[in-house]
Amino acid sequence: MKIEILHTKIAYSERTLICVPCAKFRATEHPIREIRKLFPMEYRHFREHCEDERRQHESPVLLGRGKFLLSDFGEQKICWMTVQNRHNNYFQEAWLEEVIDTMVEAGLHKKYDMAFPGLGYYDEDGLDLKNTLKLVYEAFNDSSKALDFHITY
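The opening residue of the sequence shown carries number 342 in this note's numbering; numbering runs sequentially from there.
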């Protein structure tokens, strides 16, 4: 797999699969604001499958530790990766490892060119950027597809 490190916002990626970090419990501020604006159908799909104390619909809760949700409504797809419990918590490295493993099992890295967020770039992430890049490389390196690692997301 060819990995390119970019300093552009992940929401503007031209890759087929955009990986977006999210919390298990729904929040209005997360995930990435630009994703909410540019992919409204995908964002609605994400919100329907989050845990929320105010749930008023019948959609099953699909997000949780070690899980992802694939929103496939157009040429570009969004992979919502659960990497934290609530939006105001740090990202959890163990959760990131588990969701990456789940993505590998599903073969996403072999089906799609990917854009992946550089979790750990910001102090409030609670992760180390080098560890995130290492996890991504080790998990996805058996693919012939391209991966953009977006430092600023």
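All residues carry an ideal CB built from backbone N, CA and C; glycine is no exception.
When the Cα of residue i is compared with those of the options, which residue comes out closest?
| i | options | result |
| --- | --- | --- |
| Lys486 | Lys451, Glu479, Met444 and Cys391 | Lys451 |
| Cys457 | Asn430, Asn472, Phe490 and Leu347 | Strictly speaking, residue 457 in this sequence is Phe, with Cys absent from that position. Answer by Cα proximity: Phe490. |
| Leu404 | Glu439, Lys471, Asp442 and Lys365 | Lys365 |
| Val424 | Arg385, Glu446, Phe414 and Cys391 | Cys391 |
| Arg385 | Pro362, Tyr462, Phe414 and Gly407 | Phe414 |
| Asp464 | Tyr431, Met422 and Thr349 | Tyr431 |
Which value, in whole angstroms, describes the spacing of the CA atoms of residue i and residue j?
| i | j | result |
| --- | --- | --- |
| Phe387 | Ser412 | 7 Å |
| Leu476 | Pro381 | 29 Å |
| Leu358 | Glu416 | 9 Å |
| Lys471 | Ala435 | 15 Å |
| Tyr462 | Arg377 | 21 Å |
Residue j and residue i - do their beta-carbons sit closer together than 9 Å?
| i | j | result |
| --- | --- | --- |
| Ile419 | Glu383 | yes |
| Leu460 | Leu449 | no |
| Val445 | Phe481 | yes |
Pull the bridge partners of residue i from the DSSP assignment, please.
| i | result |
| --- | --- |
| Cys360 | Cys420 |
| Pro458 | His491 |
In its own chain, which residues sit with a C-beta less than 7 Å from the C-beta of residue i, not counting the 5 before and 5 after it?
| i | result |
| --- | --- |
| Arg356 | Asp454, Met455, Ala456 and Asp489 |
| Tyr478 | Ile344 |
Within the same chain, show all residues whose beta-carbon is closer than 8 Å to that of residue i, passing over the 5 residues directly before and after it, in chain order.
| i | result |
| --- | --- |
| Glu438 | Leu476 |
Near residue i, what residues of its chain come up, given a Cβ to Cβ distance below 6 Å and the 5 sequence neighbours on each side ignored?
| i | result |
| --- | --- |
| Thr473 | Leu460 and Gly461 |
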